[in-house]
Every structure is written in structure tokens, then in C-alpha cells.
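What follows is a single structure, written as C-alpha cells, with notes after it.
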Amino acid sequence: FVLKLVYLCCPCAERFVMEGQDDQNQDLTLFVQNLLKEMQGRFQTMSDSIINRIDDMGSRIDDLEKSISELIQEAGVEGDATASQAAQAPPPARPS
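Residues in the sequence shown are numbered consecutively from -15, following the working numbering.
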């Protein structure tokens, strides 16, 4: 009501009201832009963290696969040695 009254009384009041709205729009725009930049930064940080964790998990999986492969090779060598010893040993005597 007051703004309308001022607007009716003074033609330059329209310009003042418009400038006030422009300032509010600019403030809101800057606020939203800063908020979006902050959110983008946080998402980038989270994304980098997730990628680093995935890379770390990949390295751990590679190490685990290497360890399993070594264990299989060791078990294979021991299994072959046990099998060859069993083949070379004379069969147990049968009771008559």
C-alpha cells in the first residue's frame, strides 16, 4: 500500500522500486551461484574420494589375487611332491 502510494505521488519512485527489486534479484542470483559453486566443490570432493577408494580397492584385489595365485602354486608343488612320493612308495603289505 505504501509503495503504491509513493508510486502514485512521485514518478521517480517507480525507478527506486525497480532498482530495489533489481538489487534483490542480483543478491538472490549471487547467493544461488555461490551455493551452486559450493555444492559443485563438495560433489567434486566426494567424487574424488570415491574414485580414490575404488582405486585402493582395486589394488587390494590385485594383491589378493597375487597371494591366492602364489598359494595355489605352493599347494600345487607340495601336492605334486606328495603325489610323487606316494607313487614311488611301495604299496602297503597286505595281511594274509
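In this text, a Cβ means the ideal position worked out from N, Cα and C, and glycines have one as well.
Roughly how many whole angstroms lie between the Cα atoms of residue i and residue j?
i: Ile52; j: Gly42; result: 15 Å
i: Arg26; j: Gln17; result: 14 Å
i: Arg44; j: Glu54; result: 15 Å
i: Ser31; j: Arg37; result: 10 Å
i: Met23; j: Thr29; result: 10 Å
i: Lys21; j: Ile35; result: 21 Å
i: Gln10; j: Leu19; result: 14 Å
Quick check on DSSP: helix, strand or coil for residue i?
i: Gly60; result: helix
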